[in-house]
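Undergrad:
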Amino acid sequence: MLGGIMITEFRDIDNLSPGDFEIFVREVFIAAGWKDAVITRVGTEYRHGDGGVDIFAYKAGRKCAIEVKQRNVSTAVDVSALNQLVTGAQLARAENKILVTNSYFTSEVQFRALRLGVELVDRDELQNLWVKKHSEIGRDIRPRTYQESVISDCIDQYRSGKTKLLIEMATGLGKTYTVALIIKRLLQISHTRLRVLLIAHQVEILLQSVTAFKNVFGIGNYSFSACFSGAEPEDTDFVFATFDTLYSQIHALQKDSFDLIIVDEAHHTPARTYSEVVQNFHPKLLIGLTATPYRMDNINVLQYFGGAEGHIGKYDLTWALRHNKLAFPKYMVMLDDLDQNRLNQLQAGLSVSDLDRRLFLHKKDEEVVNIVEQTIKEKNIANPKGIVFCRSIAHMKHLIQFFKMGSATMVHSKMLDQERRDNIRKFRENAFRFILVCDLFNEGIDIPETSLLLFMRYTGSRTIWLQQLGRGLRKTPNKEYVHVLDFVGSLDRLNDVKYLQKAIKEVPLDKGNWEKPPRDNDRQPFHDATLEVTYNQSAAQVLKLLDELEYRLKYRQAMIEQLQSYVDNSGEIPAVNEIEDLLHDVTCDQISTHFDSYFGYLMAVVPDEINKQSYKDRINCYVSDFIQRYSVVPSRKAVSLAFKYKSLVELSEQDIIGLVGNTFEPEVRTTPNSLLSKVEHISADPPNHLVQAIETKQLDGEQKVILQKYAGKISSSKDIERLQDEERAEIKCHFISIFYFLKLVKNVSP
Numbered sequence: 014m015l016g017g018i019m020i021t022e023f024r025d026i027d028n029l030s031p032g033d034f035e036i037f038v039r040e041v042f043i044a045a046g047w048k049d050a051v052i053t054r055v056g057t058e059y060r061h062g063d064g065g066v067d068i069f070a071y072k073a074g075r076k077c078a079i080e081v082k083q084r085n086v087s088t089a090v091d092v093s094a095l096n097q098l099v100t101g102a103q104l105a106r107a108e109n110k111i112l113v114t115n116s117y118f119t120s121e122v123q124f125r126a127l128r129l130g131v132e133l134v135d136r137d138e139l140q141n142l143w144v145k146k147h148s149e150i151g152r153d154i155r156p157r158t159y160q161e162s163v164i165s166d167c168i169d170q171y172r173s174g175k176t177k178l179l180i181e182m183a184t185g186l187g188k189t190y191t192v193a194l195i196i197k198r199l200l201q202i203s204h205t206r207l208r209v210l211l212i213a214h215q216v217e218i219l220l221q222s223v224t225a226f227k228n229v230f231g232i233g234n235y236s237f238s239a240c241f242s243g244a245e246p247e248d249t250d251f252v253f254a255t256f257d258t259l260y261s262q263i264h265a266l267q268k269d270s271f272d273l274i275i276v277d278e279a280h281h282t283p284a285r286t287y288s289e290v291v292q293n294f295h296p297k298l299l300i301g302l303t304a305t306p307y308r309m310d311n312i313n314v315l316q317y318f319g320g321a322e323g324h325i326g327k328y329d330l331t332w333a334l335r336h337n338k339l340a341f342p343k344y345m346v347m348l349d350d351l352d353q354n355r356l357n358q359l360q361a362g363l364s365v366s367d368l369d370r371r372l373f374l375h376k377k378d379e380e381v382v383n384i385v386e387q388t389i390k391e392k393n394i395a396n397p398k399g400i401v402f403c404r405s406i407a408h409m410k411h412l413i414q415f416f417k418m419g420s421a422t423m424v425h426s427k428m429l430d431q432e433r434r435d436n437i438r439k440f441r442e443n444a445f446r447f448i449l450v451c452d453l454f455n456e457g458i459d460i461p462e463t464s465l466l467l468f469m470r471y472t473g474s475r476t477i478w479l480q481q482l483g484r485g486l487r488k489t490p491n492k493e494y495v496h497v498l499d500f501v502g503s504l505d506r507l508n509d510v511k512y513l514q515k516a517i518k519e520v521p522l523d524k525g526n527w528e529k530p531p532r533d534n535d536r537q538p539f540h541d542a543t544l545e546v547t548y549n550q551s552a553a554q555v556l557k558l559l560d561e562l563e564y565r566l567k568y569r570q571a572m573i574e575q576l577q578s579y580v581d582n583s584g585e586i587p588a589v590n591e592i593e594d595l596l597h598d599v600t601c602d603q604i605s606t607h608f609d610s611y612f613g614y615l616m617a618v619v620p621d622e623i624n625k626q627s628y629k630d631r632i633n634c635y636v637s638d639f640i641q642r643y644s645v646v647p648s649r650k651a652v653s654l655a656f657k658y659k660s661l662v663e664l665s666e667q668d669i670i671g672l673v674g675n676t677f678e679p680e681v682r683t684t685p686n687s688l689l690s691k692v693e694h695i696s697a698d699p700p701n702h703l704v705q706a707i708e709t710k711q712l713d714g715e716q717k718v719i720l721q722k723y724a725g726k727i728s729s730s731k732d733i734e735r736l737q738d739e740e741r742a743e744i745k746c747h748f749i750s751i752f753y754f755l756k757l758v759k760n761v762s763p
């Protein structure tokens, strides 16, 4: 308690008096390992005032001057405070200088502090010190066992003549401190001055790197400068720059300007502007840092950093979880939005891509938020502080309205820096329980207090998913585990989670790097694994079916090899109705499951030998004939079903788009301007398969529901025109044509 105020929430510091705020800062530094921290008094250190220094403290035998500036959170500390501290530290002969505020610093202060050797502790960093009770400032930093392994390997590679390296370390393992220690060793063994450049794509990442390097190298030993927002690189020992700023000056930069270059978040390097910046320089050693070296587009990141031989570390998320280096994840897979009618089709040979598209109905956002609140209550998640990962800014803005009023905020790249920073600050200080994000927080931004992660949409990228998961797993003294609620809505995500579980178990245990898991009050480990995953009933059912499907999926490569062998030996491509007779153990059902269509099967094996023009001619012929008979353009689904053998279509709807585009271009152009308006006047007989379906009612469950919904309400094309766009889209999605739907619905009793 300070001045009668109990500091239970970090934001309580704003209510402290200036004197009590100094006491708060002193106590935070003492808790972080500083010694003999005393507040200056007028007449003791200085005759008039405090001389620009509020606190003197010691660490590792070095004296540090700390100036404390209490401000309104919206008022940034300007350069006058920096000058005041530097002057006071010189008078007191203090080697280290730290400027602390409960607000933030201007850009000018950030630039000049680097050159003047001043450590900046803004509101966010002060909160980190308060939460973690730990500070690297002024400490002789010793690497952990796995970090020492990376450092030694890097030095050995450099001495053997390697000039490019890529270090892979999961978020939370301290890769920035590791590379700083590598650079420190290289400088120690060098007989000449080496200039160092660190490049990142975000200013936030850059400033975090500055802090790490200054903590490793100390104050006053080397000169530092920042290069972002258009600034030019200065002639200092260390330059911290953004890709954008360097790219804007690329023609003015000398290729040998820097001896050692570090690229943070190195998986971005293949991007055109980034690669041009990296390849513009010819350093003695280029080091890339990344937690995820593999990209969605499969571009090889290693090629920029010495290839496979230069790939060192390899301490990925699975290794970190296996050795208890991160907070323990309690992962809950939430699959309540399934179309149960589709589950049975999985065993019947429905293709994986079709199943993934049609199985998940995707609950409305309002229902999902209700499930989140219910799960938090059922799991007794106390004081949840959750990051909610959304698909897009539009999705985020739509979703936030369903959270309880005042419980959620959001940040995204289109916001002004000040607004984004304010929202993050308020979330950290418990003004909000949830923060919604979409294009930030994958990299560079940490909120150690996070206790809950919510995945609201499938991103389509395993790399992004792992990055987002890593955001919440950084350990703190008060956080033993983190809850994860994943509303996956995708078979790929289910497989990702399943693969992660399996991969963790397969990581060899390195006893030298293994840490004991957290313990409960009875001094017993509260878990005996490194990842706890629970599935609700629907998710478990899908996983069981996927296991059964996996047996069939292993034949995909064998099927490709069989067809390739037949074509090589015979010189012919078999017709679809011959395939089961000519190829052993290959069925139409398997082709449909693995390749969607016979054309897809051929494209996977002999793409250059397919007569695509003949397929185009068949499509055009069918469409032209259909239009002449019914004055209606058939849907792509109708065309696909027209070329079907047993359970296998020759052409999927995607194949048709690839061959003739999104719109049909029949050679016989007899289509009226308004085909839909003439549907009710059609006198010609419909195709045989339509008549048969109407008479026998061979319809699936969804079609029956839709027909019952519109029975007695629709009898002509005009009725259809009056429907909402979504309703018309629903009909087109489930019926091969509007004509087909009209014929059916007229024969259904309301």
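For the record, in the sequence shown the residue sitting at position 266 is 279 according to the working numbering, with numbers rising by one throughout. By construction, the Cβ of each residue, glycine as well, lies at the ideal position given by its N, Cα and C atoms.
Identify, in the order they occur along the chain, each residue of the same chain with its Cβ nearer than 7 Å to the Cβ of Phe608, setting aside the five sequence neighbours on each side.
TA: Tyr614 and Ala617
Undergrad: Under 7 Å between the Cβ atoms of Val252 and Leu210?
TA: yes
Undergrad: Give the single residue among Glu245, Leu194, Asp250 and Asp523 whose Cα lies nearest to the Cα of Asp229.
TA: Residue identity check: residue 229 is Val in the sequence provided, not Asp. Residue Leu194 is the option with its Cα nearest to Val229.
Undergrad: Just to confirm, is the Cβ distance from His336 to Trp47 under 7 Å?
TA: no
Undergrad: I think Leu576 touches Leu544, with their Cβ atoms under 8 Å apart; what is that distance to the nearest whole Å?
TA: Not quite, the Cβ-Cβ distance comes to about 40 Å (not below 8 Å), so this is no contact.
Undergrad: Less than 7 Å separating the beta-carbons of Cys240 and Thr258?
TA: yes
Undergrad: DSSP three-state call for Val520: helix, strand or coil?
TA: In the structure shown, Val520 sits in coil (DSSP, three-state: anything other than H, G, I, E or B).
Undergrad: DSSP three-state call for Pro679: helix, strand or coil?
TA: Residue confidence is low: Pro679 scores 43 on pLDDT, short of 50, so the model does not pin down where it sits. No coordinate-derived value is stated.
Undergrad: My assumption, with CB atoms under 8 Å, is that Val81 sits in contact with Glu40. Please give the rounded CB distance.
TA: Contact annotation, Val81 with Glu40: C-beta distance approximately 12 Å; criterion of less than 8 Å not satisfied.
Undergrad: At the level of alpha carbons, what is the spacing between Phe124 and Ala213?
TA: 16 Å
Undergrad: Which parts of the stretch 207-256 are runs of the beta strand (DSSP E), unbroken and 3 residues or longer, counting only runs that do not cross its ends?
TA: 209-213, 237-240 and 251-255
Undergrad: Since Leu220 and Thr255 should fall inside the 8 Å C-beta cutoff, what is the C-beta to C-beta distance between them, to a whole number of angstroms?
TA: That pair is no contact at about 11 Å.
Undergrad: The alpha helix (DSSP H) that contains Asn633, what's its start and end?
TA: Lys625 to Tyr643
Undergrad: Assuming Thr205 contacts Gln160 under a Cβ cut-off of 8 Å, what Cβ separation, rounded to an integer in Å, is found between them?
TA: Actually they are not in contact, since the Cβ atoms of Thr205 and Gln160 sit about 27 Å apart, beyond 8 Å.
Undergrad: Apart from the five residues on each side of it in sequence, which residues of its chain come closer than 8 Å, Cβ to Cβ, to Arg106?
TA: Lys76
Undergrad: Going by beta carbon distance, what residues of the same chain come within less than 7 Å of Asp378, once the five residues before and after it are set aside?
TA: His411, Leu412 and Phe415
Undergrad: So, under 8 Å CB-CB, Met469 and Ala304 are touching, yes? Tell me the CB distance rounded to an integer number of Å.
TA: Not quite, the Cβ-Cβ distance comes to about 22 Å (not below 8 Å), so this is no contact.
Undergrad: I need the straight-line Cα distance from Val5 to Pro620, nearest angstrom please.
TA: Because the chain in this structure spans residues 14 to 763, residue 5 falls outside the shown range and cannot be described.
Undergrad: Can you look up Tyr71 in the DSSP assignment and give me helix, strand or coil?
TA: strand
Undergrad: Give the C-beta separation of Leu127 and Leu112 to the nearest angstrom, bearing in mind that I take them to be a contact with Cβ-Cβ under 8 Å.
TA: Between Leu112 and Leu127 the Cβ distance is about 12 Å, and since that is not below 8 Å, they are no contact.
Undergrad: Could you tell me the distance, in whole angstroms, from the CA atom of Ala697 to the CA atom of Ser637?
TA: Residue confidence is low: Ala697 scores 35 on pLDDT, short of 50, so the model does not pin down where it sits. Its coordinate-derived value is still stated next. Looking at the two C-alpha atoms, the distance is approximately 15 Å.
Undergrad: Got a sec? Which residues, its chain only, sit under 8 Å from Lys439 by beta carbon, not counting five neighbours each side?
TA: Excluding residues within five positions, the ones whose Cβ falls inside 8 Å are Thr422 and Phe445.
Undergrad: Could you pull out every unbroken alpha helix (DSSP H) segment of at least 4 residues lying fully inside the stretch 586-610, listed in chain order?
TA: 592-595 and 601-608
Undergrad: Short check: CB of His280 to CB of Arg308, under 7 Å?
TA: Going by C-beta atoms, His280 is nearer than 7 Å to Arg308.
Undergrad: In angstroms, rounded to a whole number, what distance separates the CA positions of Glu289 and Pro283?
TA: Straight-line Cα distance between these residues: approximately 9 Å.
Undergrad: In the DSSP assignment, find the alpha helix (DSSP H) that holds Met572 and state where it starts and stops.
TA: Arg569 to Ser583
Undergrad: Using the C-alpha atoms, what's the distance from Leu486 back to Lys338?
TA: 9 Å
Undergrad: Report the CB separation of Phe656 from Glu663 in whole angstroms; it is logged as a contact under 8 Å.
TA: Confirmed, Cβ separation roughly 4 Å.
Undergrad: Ordered along the chain, which non-local residues of its own chain (more than five positions away) have a Cβ less than 7 Å from that of Lys659?
TA: Cys601
Undergrad: Rank Lys722, Tyr344, Gly399 and Ser729 by C-alpha distance to the C-alpha of Val510 and give the top, closest one.
TA: Tyr344
Undergrad: Closer than 8 Å by C-beta to Asp630: which residues in its own chain qualify, once you throw out the five before and the five after it? Chain order, please.
TA: none
Undergrad: If you check the beta carbons only, do Pro342 and Val520 fall under 7 Å apart?
TA: For Pro342 and Val520, no; Cβs fall outside 7 Å.
Undergrad: Just tell me which of Asp67, Glu108 and Val86 has its CA closest to the CA of Ala94.
TA: Asp67
Undergrad: So, for Ile312: in the same chain, excluding its five sequence neighbours on each side, which residues have a beta-carbon less than 6 Å away from its beta-carbon?
TA: Pro283
Undergrad: Starting from the Cα of Leu757, find the closest Cα among Glu739, Arg735, Leu712 and Arg741 and give me that residue.
TA: Leu712
Undergrad: Can you tell me whether His295 is helix, strand or coil according to DSSP?
TA: coil
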